[in-house]
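Take a look at the structure set out below.
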Amino acid sequence: MIYSVRHTTTFRYEPAVRESVMEVRLQPRSDGEQRCLSFALDVDPAANIMQYRDFTGNTVHHFDIAGSYKQVKVTAQSAVEVQSVPAPRTSDSGDWADLDALVAANDHWEMLLPSHFAHSSEPLERLAKELKCERRGNPLVLLTEINESIYTMFAYVKNSTKVDSPIEEALQARQGVCQDFAHIMIALVRPLKIPCRYVSGYMFHRDEDENDRSLEGASHAWVEALVPGWGWVAFDPTNNLVGGDRHIRVAIGRDYADVPPTRGVYKGEAQSELSVAVTVSPADNVAPEPITPSFVVRSRPVLVRAAARSEQEQQQQ
Amino acid sequence: MNPTEAPLTLFRPPFRNYQFDAAYDEMFAAPGTPREHYKALFQTLLELPAEQLRKTQQAADLSFLHQGITFTVYGNDEGTERVFPNDLLPRIIPHQEWRKIETGLTQRIAALNLFLEDIYHHGRILADGVVPRELVYSCRHFRREMRGLTVPRGIYVSICGTDLVRLPDGSFAVLEDNLRVPSGVSYMLANRKVLKKVFPTLFRDYGVCPVDHYAQALLATLRALAPATSSTRHEPKVVLLTPGVFNSAYFEHTFLAQQMGIELVEGRDLLVHDNIVYMRTTAGLRRVDVIYRRVDDDFLDPLCFRQDSSLGVPGLFNAYRAGNVVLANAIGTGVADDKAMYAYVPAIIRYYLGEDPILANVQTYLLTDRSQRSYVLEHLDELVVKAVGESGGYGMLIGPHSTEAEREEFRQRIEAEPRNYIAQPTLSLSRAPCFLEGEVQARHVDLRPYILYGENVTLVPGGLTRVALRRGSLVVNSSQGGGSKDTWVLRA
């Protein structure tokens with residue numbers, strides 16, 4: 001299956017800002033069952049776009065914009081081929097000893113240790129107990145069960161949490177968005193010594209998939225866990241899916257903090273508004289320009305002050 | 318040693334109250350018997366009238382005040398800036414002893430740089446199981462962003478300050494490595510300037526190795542790291558990046574920038590455009606090649622590290638990654654001076670150099686290890702506990718000088734976060750004569766030599782001798798009531 005993806009991010013500032021420096025992770029990966037066939041990034045106002053690969057192999061584009069302006073628009077257009085793979089079968093998947101051997105043979109520490117968003121806490125421990133998160137049965141069966149439990153126990157409520165909300169909010173309210181569910185799943189399975197990583201990307205929505213809870217027109221997040229016999233397998237607790245060819249992977253990291261689609265800094269004291277629009281379509285239908293953004297975030301001005309005294313008072317050795 | 322058996326000379330002024338204990342005494346081989354290299358100083362002190370010594374001390378104090386040699390104590394609203402206490406009497410190190418320190422430190426910095434290059438590239442030492450992976454990845458100062466990034470000459474640590482202590486048997490041991498933003502070298506230079514003035518004859522007769530060329534050596538080191546592209550354009554532009562006037566070492570930042578003849582800048586003075594770093598000047602933008610940064614990794618670039626930081630330069634890390642600017646020290650060196658990693662440094666030296674360490678380590682208990690942890694928790698009243706990522710004497714428990722409440726607090730902290738602490742035996746640091754309250758008294762000292770690594774490894778002879786000025790205290794950090802004294806390494 002070949003998909004065409006258009007991802008538009010618009011930042012509006014009032015009054016104008018200057019010296020924006022931005023990094024974006026928008027180029028789909030070429031690994032596993034997926035190839036990025038083409039990618040184009042457009043920035044308005046114009047800027048020289050440079051790129052590098054980060055420590056997990058994601059392609060990062062970055063640029064700075066001189067002058068002053070009230071709007072920055074970043075448009076990424078890509079064509080991605082995703083091969084359909086059969087769903088992993090328990091009969092071909094290894095047991096816990098196989099998993100331990102796999103972990104010992106490679107360096108998976110990064111995806112085993114707690115990270116910024118995916119870490120233990122009291123509400124998480126309670127959930128782990130409730131779900132009987134312990135090494136039992138077979139790794140694949142247990143992962144599938146946890147994936148489904150998050151799907152059934154947590155309500156998907158748009159805008160119920162923010163990008164920087166700790167998972168405790170979602171754990172307490174038993175509701176959240178895809179990012180929360182991914183972090184909760186990671187935090188549940190890493191203590192079992194199953195390497196687990198965060199994936200940001202897109203989902204292709206079809207009318208016939210009535211169980212889909214993720215939003216059409218937005219980016220999506222799920223996890224990949226290491227399963228003996230199958231390698232990295234995608235688990236999507238938002239939609240109760242395991243594997244599949246409707247997921248388009250853009251970036252992988254320990255959690256969201258490693259892979260935000262856009263990150264930037266600017267100078268000026270302004271009210272800002274961020275809006276994002278995403279379309280995913282089969283490649284024979286060229287993605288139309290989206291009309292309405294899928295979500296909008298408004299922020300109050302951030303006071304750019306002289307370097308705070310507390311920051312200057314850092315230790316010198 | 319029983320002081321009552323000491324020869325009478327010792328109890329003559331100004332040595333009337335000079336005390337001995339189990340610690341190594343820098344000046345005396347036995348009470349009243351000075352070591353060979355201290356004889357001339359001892360004689361001078363016996364001969365100088367007390368009044369004269371006091372006047373000399375006053376002249377020295379005044380000189381420090383006039384030079385504006387200060388440091389800042391945090392968490393104190395009024396009068397945060399203080400004159401750095403200096404002790405009048407030099408600490409003297411014979412040439413042979415210094416040679417050993419020099420070769421030992423050269424060995425250590427070579428191994429630590431190889432270690433940093435390895436863990437940010439292939440990780441051989443981790444694959445071979447010499448250093449546990451978990452220790453590296455769980456270190457707060459490990460920067461995954463540095464993976465695969467090549468730094469000029471493979472040098473991560475080009476400015477290092479290593480803390481040495483002298484043990485009761487007279488040997489030097491390494492207490493900690495400071496591989497991020499070591500400070501204090503300006504006090505070494507200031508101490509020398511003042512001592513040369515107040516003890517001109519003694520200084521000349523002793524034949525002391527000079528230290529005055531430190532700033533030039535530092536500048537040469539920084540230039541040696543400049544990107545290859547800069548030499549074809551112009552002489553590399555080097556700047557010193559400071560967190561600002563509220564930083565404890567701001568005096569040192571201004572002092573070193575002035576001595577090297579380079580600009581002192583804050584983050585807001587720099588900007589990055591198309592992966593090139595520029596300095597804003599009245600004549601427009603000027604390209605920067607090398608940044609001697611005295612700002613922590615966390616605050617260097619809000620795009621890459623702490624987003625709430627307003628001290629840094631957005632985009633700096635990308636320019637660094639592209640090789641368009643050099644940072645000294647490199648980013649991510651803190652993983653090698655983590656106090657838990659310290660325990661592995663002897664193994665690191667053997668692994669990369671195939672040599673035994675020339676300078677010993679101090680015994681260190683890793684609290685992530687169950688049996689070591691339970692031993693430490695049972696012996697908190699005897700041991701020193703330190704937070705692994707801290708410096709400046711903060712976050713520390715000195716068992717023998719602690720209260721039950723303090724020990725209980727550390728017990729809880731250790732149990733909550735064992736990776737965050739290490740423990741060491743309470744060391745008896747050596748003691749050196751100091752001029753205090755109008756007489757000569759013994760106080761505990763350490764030694765911080767400064768190592769530069771550019772085209773090659775350079776040490777200016779000596780370094781900063783830090784003194785625990787309070788009687789009986791073992792803490793030499795300036796932030797904790799310590800002072801310093803000039804260090805004389807003899808030519809022969």
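Residue numbers (this note's numbering), protein chains in the order written: chain A, 1 to 317; chain B, 318 to 809. Even for Gly, the Cβ is constructed at its ideal location relative to N, Cα and C. As the structure is a prediction and not an experimental result, all values here were calculated from the model.
> Just the Cα atoms here: how many angstroms apart are B/V762 and B/E721?
Replying inline: As a first step, residue 762 of chain B is located in the second sequence; it is residue number 445 there, counting from the start. As a first step, residue 721 of chain B is located in the second sequence; it is residue number 404 there, counting from the start. About 27 Å.
> Which chain B residues sit within Cβ distance under 8 Å of A/M50?
Replying inline: Numbered from its first residue, the first sequence carries residue 50 of chain A at position 50. The contacting residues are D591, N592, N635 and A639.
>> Here's the rule I'm using: 16 or more other beta-carbon atoms within 10 Å means buried, otherwise exposed. How should B/H570 be labelled?
In response: Numbered from its first residue, the second sequence carries residue 570 of chain B at position 253. With 16 or more other Cβ atoms from the protein chains shown falling within 10 Å of its own Cβ, B/H570 counts as buried.
> Is the segment 25-41 of chain A close to the segment 53-60 of chain A, with three or more CB pairs under 8 Å?
Replying inline: yes
>> Using a 10 Å radius around the Cβ and a threshold of 16 neighbouring Cβ atoms, would you call B/R783 buried or exposed?
In response: The residue given as residue 783 of chain B occupies position 466 in the second sequence. Here B/R783 is buried: its Cβ has 16 or more other Cβ atoms, across all protein chains shown, within 10 Å.
> How big is the Cα-Cα spacing for B/D378 and B/A785?
Replying inline: Taking the second sequence and counting its residues from 1, the one referred to as residue 378 of chain B is at position 61. Taking the second sequence and counting its residues from 1, the one referred to as residue 785 of chain B is at position 468. Their backbone Cα atoms lie some 18 Å apart in a straight line.
>> Under 9 Å, Cβ to Cβ, is there at least one residue of chain B near A/G264?
In response: Residue 264 of chain A sits at position 264 when you count from the first residue of the first sequence. Yes, its Cβ sits closer than 9 Å to a Cβ of chain B.
> Whose C-alpha, out of B/L365, B/S488, B/E493 and B/T389, is nearest the C-alpha of B/S708?
Replying inline: The residue labelled residue 708 of chain B in the question sits at position 391 within the second sequence. B/S708 has its Cα closest to that of B/E493, out of B/L365, B/S488, B/E493 and B/T389.
>> Could you check whether A/C196 and A/T238 sit closer than 9 Å to each other, using their CB atoms as the reference points?
In response: Reading the first sequence from its first residue, position 238 is the one you call residue 238 of chain A. Reading the first sequence from its first residue, position 196 is the one you call residue 196 of chain A. Not in contact: A/T238 and A/C196 (Cβ atoms no closer than 9 Å).
> Quick one: Cα of B/E313 to Cα of B/S565, how far?
Replying inline: For chain B, the structure presents residues 318 to 809; residue 313 of chain B sits outside this window and is missing.
> For a contact meaning CB atoms closer than 8 Å, what does A/F55 contact in chain B?
Replying inline: Mapped onto the first sequence, residue 55 of chain A falls at position 55. Per Cβ cutoff of 8 Å: R461, E462, R464 and G465.
>> Report the start-end ranges of each beta strand (DSSP E) in the segment 603-643 of chain B that is 3 residues or longer and not cut off at the edges.
In response: 607-610
> With B/L769 and B/T538 assumed to form a contact (beta carbons below 8 Å), what rounded beta-carbon distance in angstroms separates them?
Replying inline: The residue labelled residue 769 of chain B in the question sits at position 452 within the second sequence. The residue labelled residue 538 of chain B in the question sits at position 221 within the second sequence. Contact flag correct, Cβ pair sits at about 4 Å.
>> Is there a Cβ of chain B sitting closer than 9 Å to that of A/L143, yes or no?
In response: Stepping through the first sequence from its first residue, residue 143 of chain A is reached at position 143. Cβ-Cβ to chain B under 9 Å: no for A/L143.
>> I'd like the ranges of any beta strand (DSSP E) spanning at least 3 consecutive residues and lying wholly in the segment 335-419 of chain B.
In response: 345-347, 387-389, 398-400 and 403-410
> Which residues in the same chain as A/I150 place their Cβ atom closer than 7 Å to its Cβ, once the five residues preceding and following it in sequence are excluded?
Replying inline: Here residue 150 of chain A corresponds to residue number 150 of the first sequence, with the count starting at 1. Cβ within range, chain order: F181, I184, M185 and P237.
>> Let me check one thing: in DSSP terms, what residues is A/S200 bridge-paired to?
In response: Translated into positions along the first sequence, residue 200 of chain A becomes position 200. Paired residues: A/A221 and A/A251.
> Under the rule that 16 or more other beta-carbon atoms within 10 Å means buried, what is A/I2, buried or exposed?
Replying inline: Taking the first sequence and counting its residues from 1, the one referred to as residue 2 of chain A is at position 2. Classification of A/I2: exposed, given that the 10 Å Cβ count is below 16.
> DSSP state of A/G268, grouped into three classes?
Replying inline: Translated into positions along the first sequence, residue 268 of chain A becomes position 268. Per DSSP, reduced to three states, the secondary structure at A/G268 is coil, with no helix or strand assignment.
> How big is the Cα-Cα spacing for B/L644 and B/L443?
Replying inline: Position 327 of the second sequence, counted from the start, is the residue given in the question as residue 644 of chain B. Position 126 of the second sequence, counted from the start, is the residue given in the question as residue 443 of chain B. Those two C-alpha atoms are separated by around 26 Å.
> Going along the chain, which residues of its own chain have a beta-carbon closer than 8 Å to the beta-carbon of A/D92, five neighbours each way excluded?
Replying inline: The count along the first sequence starts at 1 and reaches residue 92 of chain A at position 92. G229 and W230.
> In chain order, what residues of the same chain have a beta carbon less than 7 Å from the beta carbon of B/R457, not counting five sequence neighbours either side?
Replying inline: In the second sequence, counting from the first residue as 1, residue 457 of chain B sits at position 140. Excluding positions up to five away in sequence, the list reads G706.
>> Is the separation between the beta-carbon of A/Q312 and that of B/V498 shorter than 9 Å?
In response: The residue you call residue 312 of chain A lines up with position 312 of the first sequence. The residue you call residue 498 of chain B lines up with position 181 of the second sequence. Not a contact, by the Cβ cut-off of 9 Å.
> So is B/N495 in contact with chain A if we call contact Cβ pairs under 9 Å?
Replying inline: Numbered from its first residue, the second sequence carries residue 495 of chain B at position 178. It does: the Cβ of B/N495 has a partner Cβ on chain A nearer than 9 Å.
>> Which residues in chain B have a C-beta closer than 9 Å to the C-beta of A/L113? List them in chain order.
In response: On the first sequence, residue 113 of chain A is found 113 positions in, with the first residue counted as 1. Under the 9 Å cutoff, chain B gives E451, Y454 and S455.
>> Just to confirm the assignment, what range does the alpha helix (DSSP H) spanning B/R450 have?
In response: Within the second sequence, residue 450 of chain B is the residue found at index 133, counting from 1. Start and end: R450 to Y454.
> Which residues of chain A have a Cβ atom closer than 7 Å to the Cβ of B/D613, listed in chain order?
Replying inline: Residue 613 of chain B sits at position 296 when you count from the first residue of the second sequence. Chain A residues near B/D613: Q314.
> Where does the unbroken beta strand (DSSP E) through A/K73 begin, and where does it stop?
Replying inline: Counted from its first residue, the first sequence places residue 73 of chain A at position 73. Per DSSP, A/K73 belongs to the beta strand (DSSP E) from T59 to V82.
>> From the DSSP secondary-structure annotation, give me the bridge partner or partners of A/H108.
In response: Within the first sequence, residue 108 of chain A is the residue found at index 108, counting from 1. Note: A/H108 sits in no beta bridge, so no partner.
> In chain order, which continuous runs of the beta strand (DSSP E) of length 3 or greater are located wholly inside the segment 567-603 of chain B?
Replying inline: 580-582, 587-590 and 593-598
> Is the shortest distance between the beta-carbon of B/S747 and the beta-carbons of chain A less than 9 Å?
Replying inline: Start at 1 with the first residue of the second sequence, and residue 747 of chain B comes out as number 430. Not one chain A Cβ lies under 9 Å of B/S747.
>> For a cutoff of 9 Å on Cβ pairs, would you count B/P411 as touching chain A?
In response: As a position in the second sequence, residue 411 of chain B is number 94, starting the count at 1. It does not; no Cβ of chain A falls within 9 Å.
>> Less than 7 Å between C-beta atoms, sequence neighbours within five positions excluded: which residues of the same chain meet that for B/L362?
In response: Walking along the second sequence from the start, residue 362 of chain B turns up at place 45. Residues P331 and V757 of the same chain have their beta carbon placed closer than 7 Å to that of B/L362, with the five preceding and five following residues left out of the count.
>> Taking the straight line between their C-alpha atoms, what separation do you get for B/D698 and B/S747?
In response: Position 381 of the second sequence, counting from 1, holds the residue named residue 698 of chain B. Position 430 of the second sequence, counting from 1, holds the residue named residue 747 of chain B. One C-alpha to the other measures close to 21 Å.
>> Determine, for A/D107, whether the minimum Cβ-Cβ distance to residues of chain B falls below 9 Å.
In response: The residue you call residue 107 of chain A lines up with position 107 of the first sequence. It does: the Cβ of A/D107 has a partner Cβ on chain B nearer than 9 Å.
> Should B/V582 be flagged as near chain A, meaning a C-beta pair shorter than 9 Å?
Replying inline: For the purposes of this step, residue 582 of chain B is identified with residue 265 of the second sequence, where counting begins at 1. Taking Cβ atoms only, chain A never reaches closer than 9 Å to B/V582, which makes this a no.
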